[in-house]
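One structure below.
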Amino acid sequence: MAPKAKKGAQKGKAGEEEREEPLQAVVFADAFETKFSPFTLERPRCLLPLANTPLIEYTLEFLASAGVEEVILYCGNHTDQVEEYLKRSKWTRETAPLALDIIRSDARSVGDAMRDLDQKQLITGDFICVYGDVIANISMQAALWAHRTRREKDKKAIMTMILREAGDAHRTKSRNLRPVFVVDPEAQRCVHYEQLRPRDTPRLDIAEEVLVDHTEVEVREDLIDCGIDICTPEVLAQYTDNFDWQAPRRGFLYGVLKDYETNLLTIHTHITNEGYAARVKNLQAYDAVTRDILSRWTYPLCPDVNLLPDQSYQLHKGNVYMEHGVVLARSSTVKHRSVLGRATSVGAGSVISDSVIGRRCVIGNRVKIQGAYIWDDARIGDDTVIEKAVVAREAVIGQRCHVQAGALISYRVKLADGTAVVGGRKLTRMPTSKTADPEVVGEGGDGHEMEEDDEDELLAESLVSGDIYNLDAARISSDSISTLDSDEEEESLPEHHRRKSGRSESFASINSDESGDARRKAADFHHEATTSIIDALQKGDDADTIQLELQGLKLSSNAEDKQVRRAVATSLMKRLAALVDSGVSPKDAVAKTLLPNKLIIERCVGTGREQYEDQVEFLLYMQNDAMRRQQGAKILLHVCTSLAHNDLVEPEGFEAWWEDARSSSSEELLAVRADTKPLIDVLVDDDDEDEDEDDSE
Amino acid sequence: MPAAIVGETPSLSTFLKSLKSTDVESSIDLFISLLKRRQIKNSRPCALATAQLLLRVVAATRIRDVQQLIDRISEVGRRLVAAQPREMAVGNIVRRILGVVREVAEEDERDGSLGSGRVSGAASPDPSEARRPFLTKTFSGMSPLGQSVTVPHDFHPRVKTPMIEYTSPPGFDASAEREVKRPVLPSSASYAGLPPVSSLLSLLEDPLARSPIPTPPPGSSPRIQPMGKITESKEKIDVKAEVIDGIKELLDELEVVDNQIAENALDHIHSNEIILTHTSSQTVQKFLMTAARKRKFTVVHAEAYPNNHDETHATIVNGGKKGTGDEEEVDERWKPLTSMGITVILIPDTAVFALMSRINKVILAPHSVLANGSLLAAAGASTIALAAKSHRVPVVVLSGVYKLSPIYPFDTHELIEYGDPGKVVSYEEGEFMDKVDVINPLYDWVDADCVDLYITNLGGCAPSFLYRIVADHYRTEDIDLGGKGSS
C-alpha cells in the first residue's frame, strides 16, 4: 500500500529515505524440524489447524496488524500445499493488505534461507523475521520505533529481538530448554545468550569483557522468546559471511555476540510485558497455545473473530465456541473451553470438554471427549472415549474405542471397533507402502505405527504436558549427554535421549567436565560431524575422503578425540539403522557399512595401543546408540562381530567394555547387549589363544 | 510520538488516509480486517470509518437504478456487520445511509409523480407509510438530512427542528411533549387524512414495496415503467449526489454530536452537585466542560479498570487520550476538567457503592443503546447503574443517535464482548492461569429500568421513548441487514 509509505515520508522528520520503503517481513513457514510428525508427513506444519484455523493465518494476521506490507514466505516441504492454500486465501487476493511472495526453497535451516534471501536481494530495508507458527498480538509499533531510533544513532545495532516477559512457569514456555538472556537494561542490549536445561546446574559462562563493559546487567530466564526479530539487511550479510550458522539463536545470535570484539555488532532486545506471543513449536506448545486461544489470552485472535472469511464462530458461555450449523443432540453436553466447527454433529449422551472439534465431524452417542484435538471430517463411533489426543482429518475411530492421552492419529487412519490406542502411539498411513497393522488398529482398520527414527523425533507425551514431564524427572536430570546433542531450534535428537532415563550416568562421567561454551562447541562439532559422515556414507564416498573431512572438522573446531569417536559411532549406527529399516538384514548392513570404512574406525579406536579405553568408549557409544534403534541388539551383535573379525577392537577391549559399569547401568543397556553375550564369551575364552596366535604370527 | 514510521500500526487515522488512494474493494477488506483485529473499535471511530467508507462506495458505484445502490450498500453493510457484530455503530450507520438512499429515491419518485400532477398531495406520504406499517411513521426519520422537502408542511417542525424544540425544557418535559405530539399526527395522517382507497391499495402492495421502483402512486400502475425510465435519466446525477450529500450530513452530525449533547449540560448539572461518571468518553468530557464554564461542581470518576483505566487517567490528567484521534480531534483543545476549577476524584469501580449515597447524578456514556432503552457500556457500568438504582440516584446517559441501535436484546449475553484476561491476571502468573479460567468482559449490559434519562443530540428522552427515535431513524426494511448476528 503506497499511501502509508507516502504518509510516512510526509510526517517523518527530515532525512529518512529508508522510511519510504514498505515494511517487509520474512516468514519461515517451515521450522526445519519434525516435531509434528506424523501429521507433517502429509501436511505442512503451517497449515495444521490451531483452534480450527491454520497456523499461518495467525502469523499473517499478526504481521498485517503490525503494518507489514510485504511478506516473503519461505516454504520448505509441501510447498505446493502451502501455495495452493494461500492462493485461495484472502492474502493473495488483490484486496489483501499485504503483498505475499512465496519462495520455494530447499533450505534446510533458517541460516540457509537467510543466505538465499541475501542472494536474491529481495530485502530493501529493515524487516521483521518470524516463523510461520507464531501466534502474537503484541504491538510492534514501540519496538519498531525503538529499533529505528537506535539504528539512526548506531549503524552497528543490527537486530532487535522481541521478548515477552512471563513468569517462571508459563504453559507456552518450553520445558526442555530455557533461554537465558543477559541484558544490559540501559542500552537494552543483549550481551550474552545461553540455553539452559531444567535442573541443570544453572551456570553461565559470561565473558569477562561483558562484565567489564557494562555496569549493570540483568540475567533473565523469565522471557518467552518466540523468534520475532526486527532485522537489518546487515543480518543477512552476516549470515552469508558465516556460512555455518544455521539457527537464529544458537548460530546467529551466539556468533554475533562472540564476535563482538571484532565486528562491534550489537543485538538489542525489546522486552514487552503486554500482549501475547508464543510459538507453536511442538505438540506441548500446540496444546498450551490452543488453551490460551480458547481462554482468550490471544484476544483479539480468538475463534469468534473468524479470521477466515467463511467462519462463523460465536462465543457461548464458558468459552465454548460454535459455528453455525452445529448439531447437538439434546442429551449431549458441551462443556467449557471447546470449539465445534460447522456441520459437526454430536450424538446423544456424549460429553465434550476442553476439546477442539473441526468441521463436519460425526460424533456418535455416549462418546466422551476430553481435551482432544479432532480435526475436520473425523468420525467417532459410539461409546468411544478419547482423552488428550490428536485425531487428524478424515480419521475414523470405531465404536467402543479408547484413545488414550498422548496418542496421535494421523490422516485417514481407521480404527476398528473396540480398539484401544495407548498413549504415545503415533498412527499413520504414510508411507502408503506399508500395510495396515491389525495389532494396532484392529481387524479391518487401516494404518500402522509411524516408523520412527531419530530424525522424526517428537514428544508424544509433550501433548500431555505437565505431569508426565515431572514424573519423568530422571529423564530431565539425565543430562550431559543430551547437551551434546541438541538445540531445540535446529536439532532433531534431543528429547529422545533424555527420555531414556538412567542412561545418563555413564556418559555423564565422560562429558561431565564440559559445560557452557565447551558444550556448545562440542554439540556443534558433533552435529556437523555426524551429518557430514552420514551424508558421505549415503553417497558412498570412500573412507579416505570421510576421514579427511572429519580431520578437517576436528581441527577447525578443536575437538577432542573422544568427540570424534562419538560422532563416528553415532553416524555409523544411524546409517546402519537406516539400512536395516529399509529392509537390509543387519548382517549385510554391517558388512556394507563397516568394512569399507575400516580406516575411519581404525583411526578413532586407535588400534594397537595398550590402552583399551578408546575402544571401550567407542563400544559404549555404539551400544548406547543401538539401544534406541529397532533391532538395535542385532545390529550391535553384528557390529561387534565385524569389529572383532577385523581386529578393529581387541578382545581385551571387548572384555573391558563388557565389564565396564557404564555398559550395564540400565535395563535397556543390558537388554541391547544381551545378544552380544555369546560373542563376548567366545572372545574372552579365546583370548589367551588369540594372544598366543598373535605372538606366534 | 512514534507515529511516523513505515510499519505504523493500522488504526482509524491510517485507514482514513488510505481510503483516499486505495480502491474500494481493498478498503472494504481493510476495514473488515481492522474491525476484526479491533484496531478500529468503539462507537465513534467505527461510525466515522463506516460513513467514510460508504461514501467511497457510493461514489465509486455506477448507478443505473436505485435498487442497485441499495443492494450494494446492504451487501457491504452485511460484510461489515458480520465482521464485528458487536460494534453496533457500524450497522447503525449502514442503516442510516440506506435510509438516506431510500429517502432520496422516494423523493425522486415523488417528483416524477408530481409531474403527473394527479395525486401528489394526498399520496405522497403513502409510500413510506405503506413501507412501515408497524411504526406508523413519517419521513421525519431522516431528520438530520432535511431532505423531506415534499413532505406535507405539518410534518416539518418535528422533522427539522427537534433540537430547537426540545432542548430548552428539561429533558422530561421534552420527551413528554414529544410523546404526546407524535402519535397523534402521524396516525391521523395515516388513518384519517388519507383517502381510504389509497391506503387499502398500498396495503395490498406492501409485499411488493421492495421492488426497484418505490411504491407507485395509486392508479398509475400501467405507467410505472415509462415513468421509471424518465426519472432514471435524472437520477444518474441526482441520486448519487443527493446520497453523497446525505452521507456528508451524517458525517457532520457525527462531528457535532458532542456539542449538541453538551448544549443540554446546564439543564442537568447544577451548582455544587456531585456527579459520578465512568471511563473516558469525549461526550461526557465535553458535557462536563460545558457545564463547568458556568457552574462549580464535583466529579467523581470511576476508573474502569482494567480495560479503560489508562484512558480514564489520561482524561483526568490531560483531558483526553493522546495519539488516537489525530484527525479532527486535534483542533479541539482538550483541557482537563481540573484546569477549570472542578474537583475531580478518581475512584476504583469497587468504591462506587460506598460513594453512591453522596452522588447527585450519574452520567454514563454507552457503547451502544438498544431499542428497548437498555444499553451496553464499558464493564462496570452495570454495577454503577444498580448502585444508583438502589440509592435512587438519577442515571443520565449521554448518547449520540448514531449509537442508538434498532437491535432488541434477546440474549444479552451474546452482546457482550470478552477481552483479554491478561489485563486482569498477569501473563506472568503461569501456574495460576493454567488452572483458572479468567474472563474479562469488555462491556456490561444495563437494563432500561436502571436508566432515567437519555440525552441524545436530539434532546432528552426517557428510555421508554427510545423506540420512537429508532423508528424515526431506521427503516423497517433495513433493520435486518441480512446475515445479522444479533438475533
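Chain order of the listed sequences is A and B.
Anchor point for the first sequence: position 178 equals 237 in my numbering, and the numbering is continuous, going up by one each time.
Anchor point for the second sequence: position 73 equals 1066 in my numbering, and the numbering is continuous, going up by one each time.
Where a beta carbon is used, it is the ideal one built from N, C-alpha and C, also for glycine.
query	result
Any Cβ of chain A within less than 8 Å of the Cβ of Arg-1031/B?	yes
Check Lys-232/A in the structure and name its three-state DSSP category.	coil
What's the C-alpha gap between Ser-397/A and Gly-417/A?	11 Å
What residue does the alpha helix (DSSP H) around Glu-129/A start on, and which one ends it?	Glu-129/A -> not in any alpha helix (DSSP H); beta strand (DSSP E) instead, spanning 129-134.
Pop quiz: Ile-1262/B and His-1294/B are said to be a contact at Cβ under 8 Å. What is the actual Cβ separation, rounded to whole angstroms?	Actually they do not touch by this definition, with Cβ atoms about 15 Å apart.
Enumerate in chain order the residues of its own chain whose CB-to-CB distance from Thr-735/A is below 7 Å, with the five nearest sequence positions on each side excluded.	Leu-695, Leu-696, Cys-699
Could you work out which residues of chain D lie near Pro-710/A, taking near to mean beta carbons separated by less than 7 Å?	The structure shown contains no chain D; its protein chains are A and B.
Should Ile-221/A and His-327/A be called a contact, given that it needs their Cβ atoms to be closer than 8 Å?	no
Going by the DSSP bridge assignment, what does Ala-1234/B pair with across the sheet?	None; Ala-1234/B has no bridge partner.
State whether the segment 380-389 of chain A contacts the segment 352-370 of chain A, with contact taken as three or more CB pairs (one from each stretch) at a distance under 8 Å.	yes
Looking at Ser-1019/B and Thr-154/A, is the spacing between their C-beta atoms short of 8 Å?	yes
Of all the CB atoms in chain B, is at least one closer than 8 Å to the CB of Thr-331/A?	no
What span of residues does the beta strand (DSSP E) with Thr-219/A cover, start to end?	216-224
Please return the same chain residues whose Cβ sits closer than 6 Å to the Cβ of Val-278/A, not counting the five positions on each side in sequence.	Val-241
Would the beta-carbon of Leu-323/A fall within 8 Å of that of Lys-214/A?	no
How big is the Cα-Cα spacing for Val-169/A and Leu-738/A?	46 Å
Closer than 8 Å, CB to CB, is Glu-1321/B near chain A or not?	Below a pLDDT of 50, predicted positions are generally treated as unreliable, and Glu-1321/B, at 42, falls in that range; the measurement from the model is reported next regardless. For Glu-1321/B, the answer is no, since every Cβ of chain A falls outside 8 Å of its Cβ.
In chain order, what residues of the same chain have a beta carbon less than 7 Å from the beta carbon of Leu-1012/B, not counting five sequence neighbours either side?	Ser-1020, Gln-1045, Leu-1046, Arg-1049
Using three-state DSSP, classify Glu-142/A as helix, strand or coil.	helix
Interface residues of chain B around Leu-374/A at Cβ under 7 Å?	Tyr-1411
Counting only runs that start and end within the segment 267-341 of chain A, where is the beta strand (DSSP E) found for 3 or more residues in a row?	277-279, 282-290, 325-331, 336-338
List the residues of chain B whose Cβ lies closer than 8 Å to the Cβ of Ala-225/A, in chain order.	Tyr-1420, Glu-1421, Gly-1423
What is the rounded straight-line gap between the Cα of Val-410/A and the Cα of Gly-477/A?	19 Å
Identify the residues that DSSP records as bridge partners of Arg-1453/B: which are they?	The sequence given here places Gly at residue 1453/B; Arg does not occur at that position. Gly-1453/B pairs with Ile-1448/B.
Check each residue of the segment 124-139 of chain A: if its Cβ is closer than 9 Å to any Cβ of chain B, include it; give the result in chain order.	Ser-124, Ala-125, Gly-126, Val-127, Glu-128
What span of residues does the beta strand (DSSP E) with Ala-158/A cover, start to end?	158-163
Using a Cβ-Cβ cut-off of less than 7 Å, give me the residues of the segment 346-361 of chain A that come near chain B, in sequence order.	Ser-354, Arg-355, Trp-356, Tyr-358, Pro-359
Are the CB atoms of Asp-227/A and Asp-281/A nearer to each other than 8 Å?	yes
Please classify Ala-1052/B as buried or exposed, where buried requires at least 16 other C-beta atoms within 10 Å of its C-beta.	exposed
Quick one: give me the first and last residue of the alpha helix (DSSP H) that Thr-1406/B is part of.	Note that residue 1406/B is His in the sequence shown, not Thr. From DSSP, the alpha helix (DSSP H) with His-1406/B extends over 1405-1408.
Which residue marks the beginning of the alpha helix (DSSP H) containing His-137/A, and which one marks its end?	Counting along the chain, His-137/A falls outside any alpha helix (DSSP H), and DSSP gives it neither H nor E.
Contact between the segment 498-507 of chain A and the segment 453-473 of chain A is defined here as three or more beta-carbon pairs at a separation below 8 Å; is this criterion met?	yes
Can you list, in chain order, the residues of its chain whose CB lies under 7 Å from that of Arg-163/A, leaving out five sequence neighbours each side?	Cys-134, Thr-138
Could you check where the beta strand (DSSP E) with Trp-1438/B kicks off and where it finishes?	1436-1439
Quick check for students: name the residue ranges of the beta strand (DSSP E) that lie wholly in the segment 1317-1372 of chain B, counting only runs of 3 or more.	1336-1340, 1354-1357, 1368-1371
Name, please, each residue of chain A whose Cβ falls closer than 9 Å to the Cβ of Leu-1369/B.	By Cβ distance, chain A contributes nothing, its closest Cβ being about 15 Å from Leu-1369/B, past 9 Å.
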